[in-house]
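Chains as they are written, first to last, in my numbering: chain H, 1 to 380; chain Z, 381 to 674.
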Amino acid sequence: MDLFEYQGKQYFARYDIPVSPGGVATTVEEAVAQADAAGYPVVIKAQVQVGGRGKAGGIKLATNAGEVRLHAGNILGMDIRGHVVHKVWVENASDIKKEYYASFTLDRGARKHLAMVSARGGVDIEQVAAQDPDAIVRRHIDPAAGMSHDDALQIVKDAHLDEEAQAGVADILVKLYRCYVEGDADLAEINPLILTPDGRVHALDAKVSLDRNAAFRHPEWSAFEGTESDDPREQMARERGLQYVGLDGNVGIIANGAGLAMSTLDVVNQVGGSPANFLDIGGGASAAVMANALELVNADPKVRAIFINIFGGITRGEEVANGIVTALGRVTISSPIVIRLDGTNAAEGRAILKNHESDRLMSRSTMVEAARAAVALARA
Amino acid sequence: MSIFVDETTRVVYQGLTGSAGRFYGLRNREYGTQVVAGTNPKRAGEDVEGIPVFATVGDARTATGANASCIFVPAPGVEGAVMEAAVAGIEFIVVITEGVPAKDEARFFNRLHHEFPMARLLGPNCPGIISPGKCNIGITAGEIATGGGPVGIVSRSGTLTYQALYELTQKGIGQTTCVGIGGDPVPGTNFIDCLEAFQRDPDTKAVMMIGEIGGSEEEKAADFIKHEMTKPVVAYIAGVTAPAGRKMGHAGAIIFGSSGTAGAKMDALRAAGAHVAINPTEAGDLMAQVVALL
């Protein structure tokens with residue numbers, strides 16, 4: 001679950017990571033009130049989960065309430081690379097002497113946590129990584145041992161941060177590591193982490209992504225739910241507990257298992273089609289889950305044909321077929337459906353489907369044949 | 381031969397009294413797996429259709445000689461269950477449970493690595509392991525597998541593991557062992573662990589490897605295949621056309637660069653000499669050609 005900047009800053013504050021005084025606003029008047037509270041000059045920042053918002057005019061400096069009105073009015077409702085701005089973050093503007101970079105994430109290959117710190121933070125950090133990789137210090141942290149304050153200080157020194165910033169940044173690193181581990185973040189990133197002319201350091205931006213698997217021990221995360229996606233199809237899927245990603249094509253996909261669902265997208269593309277979505281209904285295929293999935297895919301107006309791709313492992317083919325037939329009895333589907341059912345007792349399952357076949361419902365015995373049929377129907 | 385498990389493996393099911401643990405525990409026993417015990421701290425002394433239930437893994441091991449464990453407990457209890465099994469001296473720990481927090485996985489994997497280097501962890505969030513005709517631990521349907529080799533399978537994806545078994549079985553090609561390593565961020569056993577074991581196993585003559593987009597494990601496996609393996613490998617990477625996920629800050633880009641895409645993984649595997657398929661059916665066809673030439 002990716003947090004917006006304002007949520008990330010609120011999350012940082014829980015772990016005593018210093019951020020600029022500020023607040024979130026959804027209207028121009030709220031923005032003025034937040035600016036008055038934060039103290040002028042202020043920075044008004046569009047809250048969207050997409051890069052390049054500064055270049056798009058989504059970040060503006062304001063020295064008085066009139067300027068806040070002007071800029072907040074322009075930014076709210078702005079479209080930044082397909083993301084509509086519903087909220088702005090208004091914070092006291094900082095004087096910047098230096099911009100650093102700091103993050104914690106998991107290095108899957110090493111199966112350890114990874115700290116990255118650089119004295120050359122800011123918008124060009126990926127360029128720095130590409131052109132001068134040594135400018136970023138990478139240090140593995142053993143998850144069983146953790147990271148001490150001394151470890152943090154060593155990383156900061158190795159990254160050649162300015163002397164006056166070292167103690168403060170080491171302190172922030174320790175807090176950021178706590179936020180990452182105890183806060184169950186997949187990513188905790190500060191870019192830029194700034195040094196002010198008066199020698200203080202604090203986070204000017206916040207990028208936090210939370211591990212959904214840890215939600216059971218974080219009741220405070222409920223405040224972040226339902227704020228992440230603008231795609232109404234994805235909202236609907238979340239409400240139904242389905243793994244769904246909306247795409248731009250016209251072949252609706254329903255498959256069991258993430259790997260098979262991805263594989264289904266591959267095959268549809270390979271035969272010249274274009275998938276409308278990724279949808280994994282998990283193991284098995286009960287009638288209730290199948291009905292839910294069909295309704296979801298059917299609600300997408302772009303869908304012209306639906307491809308159901310099920311591999312019966314533990315769940316036997318006849319159970320899967322009965323689930324599909326029952327689901328079709330419950331919901332009215334506007335697009336033709338192609339089913340590929342394989343695996344345990346697939347023949348029995350196909351026999352059941354055969355009794356229900358029509359030009360609206362057909363069965364194919366392999367993934368590739370089924371994909372071809374679905375793509376042809378979507379074109380018709 | 382087979383890797384990691386065989387007909388002598390004696391398995392304790394942590395969570396045998398729960399609905400999933402009971403269902404698959406009994407199913408695994410029916411397949412022929414030596415399911416010797418279950419654990420539940422509140423139900424010691426009871427049994428599940430003849431399988432004795434003990435309070436702890438330690439008690440179960442003492443009484444039954446269990447040397448492997450299969451964990452079905454809910455996600456919040458997985459870290460405790462893994463450590464309990466390791467402390468009891470269990471050497472092969474399979475975690476089927478999905479939804480385990482990444483921080484827990486990272487911690488218990490590294491604790492095992494330091495404190496119990498003899499213990500091998502498989503999972504979490506994996507379908508388990510099957511050496512057809514000998515031992516089936518986890519949720520794979522035994523019917524779709526065929527024993528006798530010569531192919532070893534290692535896969536990151538659950539349903540594609542079944543798909544691979546099924547494709548080979550349909551073609552009359554047997555398997556030595558099929559390992560589902562799971563797609564979680566910190567897999568206890570990874571591709572290289574399995575490739576290494578298959579390379580050593582005399583009965584395994586060829587390996588099918590099924591990967592997914594994301595991470596850099598497949599690229600590392602490619603490197604291993606190139607330098608350490610003499611046996612042929614057929615590979616399929618799911619997600620060639622999957623949409624790029626939302627980018628996680630700059631950290632992901634800094635660590636991985638262009639790796640992680642299906643294209644990069646397939647290129648790396650091809651360069652390592654593997655036979656790379658574009659879908660599971662083609663993977664089966666390629667393996668049939670490889671086996672015909674053995």
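Note that beta-carbon positions come from the ideal geometry of N, C-alpha and C, so glycine has one too.
Check: With 8 Å as the threshold, decide whether the Cβ of Z:Gln-543 is near any Cβ in chain H.; Outcome: yes
Check: Mind checking who H:Leu-114 pairs with in its DSSP beta bridge?; Outcome: H:Thr-105 and H:His-140
Check: List, in chain order, every chain Z residue whose beta-carbon is nearer than 7 Å to that of H:Thr-344.; Outcome: Ala-521, Glu-523 and Ile-524
Check: Against Z:Tyr-546, what residues of chain H qualify as contacts under a CB-to-CB distance less than 8 Å, listed in chain order?; Outcome: Phe-311, Asp-342 and Gly-343
Check: Bridge partners of H:Asp-280, per DSSP?; Outcome: H:Gln-243 and H:Ala-255
Check: Ordered along the chain, which non-local residues of its own chain (more than five positions away) have a Cβ less than 6 Å from that of H:Tyr-11?; Outcome: Val-208
Check: With a cut-off of 8 Å, does the C-beta of H:Arg-240 fall near any C-beta of chain Z?; Outcome: no
Check: Please state whether DSSP places Z:Glu-426 in a helix, a strand or coil.; Outcome: coil
Check: Examine chain H for any beta-carbon lying closer than 8 Å to the beta-carbon of Z:Pro-660, and answer yes or no.; Outcome: yes
Check: Below 7 Å CB to CB, which residues in the same chain sit around H:Gly-8 once its five sequence neighbours on both sides are set aside?; Outcome: Ala-206, Lys-207 and Val-208
Check: Using the beta-carbon of each residue, which ones in chain H are nearer than 9 Å to Z:Lys-551?; Outcome: Simply none; closest approach about 13 Å.
Check: My output table needs one value for Z:Lys-627: the three-state DSSP class, helix, strand or coil.; Outcome: Only weak support exists for where Z:Lys-627 lies, its pLDDT of 48 falling under 50; the value from the coordinates is given anyway. Here Z:Lys-627 sits in coil by DSSP.
Check: Is the stretch 358-375 of chain H close to the stretch 337-349 of chain H, with three or more CB pairs under 8 Å?; Outcome: yes
Check: Once the 5 residues before and after H:Ala-371 are set aside, which same chain residues still bring their CB inside 7 Å of it?; Outcome: Val-267, Val-268, Val-271, Gly-273 and Phe-307
Check: Could you give the residue range of the beta strand (DSSP E) that holds H:Glu-189?; Outcome: 185-195
Check: Report yes if the C-beta distance between Z:Thr-389 and Z:Ala-448 is below 8 Å; otherwise report no.; Outcome: yes
Check: Taking Cβ-Cβ distances below 7 Å as the criterion, which residues of the stretch 642-666 of chain Z are in contact with chain H?; Outcome: Ile-658, Asn-659, Pro-660 and Thr-661
Check: Going by alpha carbons, who is nearest to H:Ser-148 out of H:Ala-135, H:Asp-132, H:Ile-125 and H:Ala-115?; Outcome: H:Ala-115
Check: Using the Cα positions of H:Val-68 and H:Ile-17, report the straight-line distance between them to the nearest angstrom.; Outcome: 27 Å
Check: As a quick exercise: from H:Lys-87, H:Gly-66, H:Ala-261 and H:Val-325, pick the residue whose alpha carbon is nearest that of H:Leu-76.; Outcome: H:Lys-87
Check: Tell me which residue opens and which closes the alpha helix (DSSP H) that Z:Thr-419 is part of.; Outcome: Here Z:Thr-419 belongs to no alpha helix (DSSP H); instead the beta strand (DSSP E) covers 414-419.
Check: Ignore the nearest five residues each way along the sequence and tell me which others in H:Met-236's own chain have a CB closer than 7 Å to its CB.; Outcome: Leu-296 and Ala-299
Check: Per DSSP, which residues does Z:Tyr-393 bridge with? Please list them.; Outcome: Z:Gly-418 and Z:Cys-450
Check: So Z:Arg-481 contacts chain H; which residues on that side make the cut at Cβ distance below 7 Å?; Outcome: Per the sequence presented here, residue 481 of chain Z reads as Pro, with Arg not at that position. Those within 7 Å of Z:Pro-481 in chain H are Asp-184, Asp-211, Asn-213 and Ala-214.
Check: Would you mind reading off the limits of the alpha helix (DSSP H) that contains H:Lys-60?; Outcome: That residue, H:Lys-60, is in no alpha helix (DSSP H); its beta strand (DSSP E) goes 59-62.
Check: Who does H:Trp-221 pair with in a DSSP beta bridge?; Outcome: According to DSSP, which records beta bridges pairwise, H:Trp-221 is partnered with nothing at all.
Check: Let me know if Z:Ala-443 comes out buried or exposed under the rule of 16 or more other beta-carbons within 10 Å of its beta-carbon.; Outcome: exposed
Check: Kindly list, in the order they appear in chain Z, the residues whose Cβ is closer than 8 Å to that of H:Lys-112.; Outcome: Ala-486 and Asn-490
Check: How is the beta strand (DSSP E) around H:Asn-92 delimited, first residue to last?; Outcome: 88-92
Check: Please state if the CB of H:Tyr-6 and the CB of H:Gly-183 are separated by a distance shorter than 8 Å.; Outcome: no
Check: Mind checking Z:Pro-421: buried by the 16 CB within 10 Å criterion, or exposed?; Outcome: exposed
Check: Tell me whether Z:Phe-403 is buried or exposed, calling it buried when 16 or more other Cβ atoms sit within 10 Å of its Cβ.; Outcome: exposed
Check: Tell me which residue opens and which closes the beta strand (DSSP E) that H:Phe-307 is part of.; Outcome: 305-312
Check: Between H:Arg-108 and chain Z, is there a C-beta pair that is closer than 8 Å?; Outcome: yes
Check: Closer than 7 Å, Cβ to any Cβ of chain H: which residues of the stretch 607-625 of chain Z, in chain order?; Outcome: Ala-618, Gly-619, Val-620, Thr-621, Ala-622 and Pro-623
Check: With a CB to CB cut of under 6 Å and the five nearest residues on each side skipped, what residues in its chain are close to Z:Ile-470?; Outcome: Ser-449
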